[in-house]
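**Student:**
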Ligand SMILES: [Zn+2]
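In the numbering used here, the protein residues as written are 857 to 979.
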């Protein structure tokens, strides 16, 4: 072990000893991703759910639509590798299929309940 030069990363210039503000409970966005765009709004951290970037996080202005859309957009995560894309897409597709199945089953249950009430009424 060498002790001549310590490998400490430089700490923040001055520390406030009185209070430790260690959490911003309002948002789950990490501190370094708190980015203001030209609108002066904090660009929220979001996750892409569309091919080919499923699961890739980005910062995008909330004013991306409208008459005078803001073009602020920045990827947070590096491009997904081919395997990641393939896997992410397959998971999203599977999830959509399952949601559709659930919806169909709900409809079937409602229909069956209707039929049940009708049959009971006939007895
Ligand atoms: Zn903006």
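Every residue gets a Cβ at the ideal spot worked out from N, C-alpha and C, and that includes glycine.
Give me, in chain order, the residues of the same chain whose beta-carbon lies closer than 6 Å to that of residue 1001; leave out the 5 immediate sequence neighbours on both sides.
**Tutor:** In the structure displayed, the chain extends from 857 to 979; residue 1001 sits before or after that span and is not available.
**Student:** Under 7 Å: does the beta carbon of residue 928 sit that close to some heavy atom of ligand 1?
**Tutor:** True, at least one ligand heavy atom lies under 7 Å from that Cβ.
**Student:** Take residue 892 and list the residues in its own chain whose beta-carbon comes closer than 8 Å to its own, dropping the five residues that flank it on each side.
**Tutor:** 898, 899
**Student:** Check whether the Cβ of residue 890 lies closer than 7 Å to any heavy atom of ligand 1, and answer yes or no.
**Tutor:** Between ligand 1 and the CB of residue 890, the shortest heavy atom gap is not smaller than 7 Å.
**Student:** Just reading off the alpha helix (DSSP H) that residue 916 is part of, what are its end residues?
**Tutor:** Residue 916: not part of any alpha helix (DSSP H); member of the beta strand (DSSP E) spanning 913-916, first to last residue.
**Student:** Report buried or exposed for residue 973, applying the criterion of at least 16 other Cβ atoms within 10 angstroms of its Cβ.
**Tutor:** exposed
**Student:** Say the cut is 7 Å; is the CB of residue 897 nearer than that to a heavy atom of ligand 1?
**Tutor:** yes
**Student:** Between the alpha carbons of residue 904 and residue 929, how many angstroms are there, rounded?
**Tutor:** Cα to Cα, residue 904 sits roughly 12 Å from residue 929.
**Student:** Which same chain residues, not among the five before or five after residue 911, have their C-beta less than 6 Å away from its C-beta?
**Tutor:** 944
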